[in-house]
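For the sequence shown, position 5 (counting from the first letter as 1) is numbered 80 according to our numbering, and the numbering increases by one without interruption.
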Amino acid sequence: MTSYSKILVAIDLTEEAPQVLKKAKRIADTFQAELTLVHVVEPVGYAYGGDIPMDLTELQEQLDKAAKSQLEAYGREYDVPPERQLASVGRPESEIHRLCEEKQFDLVIVGSHGRHGFQLLLGSTANGVLHGAECDVLAVRIT
Ligand code: AMP
76 MTSYSKILVA
86 IDLTEEAPQV
96 LKKAKRIADT
106 FQAELTLVHV
116 VEPVGYAYGG
126 DIPMDLTELQ
136 EQLDKAAKSQ
146 LEAYGREYDV
156 PPERQLASVG
166 RPESEIHRLC
176 EEKQFDLVIV
186 GSHGRHGFQL
196 LLGSTANGVL
206 HGAECDVLAV
216 RIT
């Protein structure tokens, strides 16, 4: 492969997201590729092992809404149209793998804190995306 035409950038909506987005935008512009943004909202129940006796629907809806409006703001700032701003629910690694296969992205860009040793054993999203990805993965070092 000498070029990329469909690039997916995964953003976590923290203050670190612009670092990843800026690089992704530059890379997409360089290759004249189509850039798509994705944020994966994790189901709130996951954090509690799925067994807290409460209706979490409203909280989940609020999280989804907040994710969508942040994606829209980034879409405007980085010139990515609404149809290429994806908000998805699930585990980030598996959702990113699923989208890559479904929408045939040829490059996925994620941020990486450059963890090593014990921290790496605990896992990171970048590591999870790399393992099992069907396309190239670029990890942007977050400083
Ligand atoms: P982490 O390993 O959680 O520190 O995240 C590293 C990178 O993984 C972030 O910079 C994003 O590129 C990606 N990432 C983490 N969480 C999500 C998420 N919920 N949705 C999309 N991408 C994510």
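Just so it is clear, CB atoms sit at the ideal spot from N, CA and C, and this is done for glycine as well. It should be emphasised that the depicted structure is a prediction, and the values quoted were computed from it without experimental measurement.
For a test of the three-state rule: what should DSSP assign to residue 199, helix, strand or coil? coil
Taking the Cβ atom as the reference point for each residue, do residue 253 and residue 207 lie within a distance shorter than 7 Å? The structure shown has nothing for residue 253, since the chain only spans 76 to 218.
For residue 139, the three-state DSSP class (helix, strand or coil): helix
Inter-residue spacing [alpha-carbon to alpha-carbon] between residue 117 and residue 174: 15 Å
Inter-residue CB distance, residue 112 and residue 82 (contact presumed, cutoff 8 Å): About 10 Å separates the two Cβ atoms, so there is no contact after all.
Name, in chain order, the residues that DSSP records as bridge partners for residue 82. 110, 182
What first and last residue would you give for the beta strand (DSSP E) that runs through residue 211? 211–216
Quick check: the Cα distance between residue 179 and residue 165, rounded to an integer number of angstroms? 19 Å
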